[in-house]
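> Questions regarding the structure given below will be posed in turn.
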Amino acid sequence: MAIELTDDLIKLEEAAVAEHAKVRAMQAEYGRPADGDGWTDDQHTAWQQQWDAWRTASEAVQAAISAHAEAAGESRYEVEKALKGKVRHPEPEEG
């Protein structure tokens, strides 16, 4: 039986994925904090703010997954697996 995913769950996962992409982009732009002269104070602050935004988005989606699984009587693991698959590896559209 396929797991039903709500639009809200999908939006929360998409937000968490987007925030993580921003963290990774900053890491790519700034390089390793210990390389060369290291990061500036502004870079550390910007990175920490983005890390916090990612953590907040991740916490929100994890809480929503748990609530959805409990309400639907589904395995939390299976709900998370279905959600990540849908958002991170979507099926190609027919057409």
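Take 120 as the starting number for the sequence shown in our numbering and just add one per residue. Glycine included, C-beta positions come from ideal geometry on N, C-alpha and C. The model shown is predicted, which means the values in this text are computed figures rather than measured ones.
Flag this pair as touching only if the stretch 206-213 and the stretch 151-170 have three or more C-beta atom pairs under 8 Å; answer yes or no.
Judged by Cβ distances under 8 Å, the stretch 206-213 makes no contact with the stretch 151-170, as fewer than three pairs qualify.
> So what does DSSP say about residue 122, is it helix, strand or coil?
For this step, residue 122 is matched to residue 3 along the sequence shown. Here residue 122 sits in coil by DSSP.
> If we count the other Cβ atoms within 10 Å of its Cβ and call it buried at 16 or more, is residue 176 buried or exposed?
Taking the sequence shown and counting its residues from 1, one reaches residue 176 at position 57. Buried.
> Quick check on residue 151: does DSSP put it in helix, strand or coil?
In the sequence shown, counting from the first residue as 1, residue 151 sits at position 32. In the structure shown, residue 151 sits in coil (DSSP, three-state: anything other than H, G, I, E or B).
> Between which two residues does the alpha helix (DSSP H) containing residue 173 stretch?
Indexing the sequence shown from 1 puts residue 173 at position 54. Per DSSP, residue 173 belongs to the alpha helix (DSSP H) from 160-191.
> Using 8 Å as the threshold, is the stretch 167-174 in touch with the stretch 136-147, meaning 3 or more CB pairs across them?
Yes, the stretch 167-174 touches the stretch 136-147.
> For residue 138, which residues of its own chain have a beta-carbon under 6 Å away from its beta-carbon, when the five flanking residues on both sides are left out?
Mapped onto the sequence shown, residue 138 falls at position 19. Answer for residue 138: 172, 173, 176, listed in chain order.
> Nearest by alpha-carbon distance to residue 179: which of 127, 210, 122 is it?
The sequence position of residue 179 within the sequence shown is 60, counting from 1. Residue 127 is the option with its Cα nearest to residue 179.
> Closest to residue 133 by C-alpha separation, out of 212, 199, 161, 165, would be which residue?
The residue given as residue 133 occupies position 14 in the sequence shown. Of the listed residues, the one whose Cα sits closest to residue 133 is 199.
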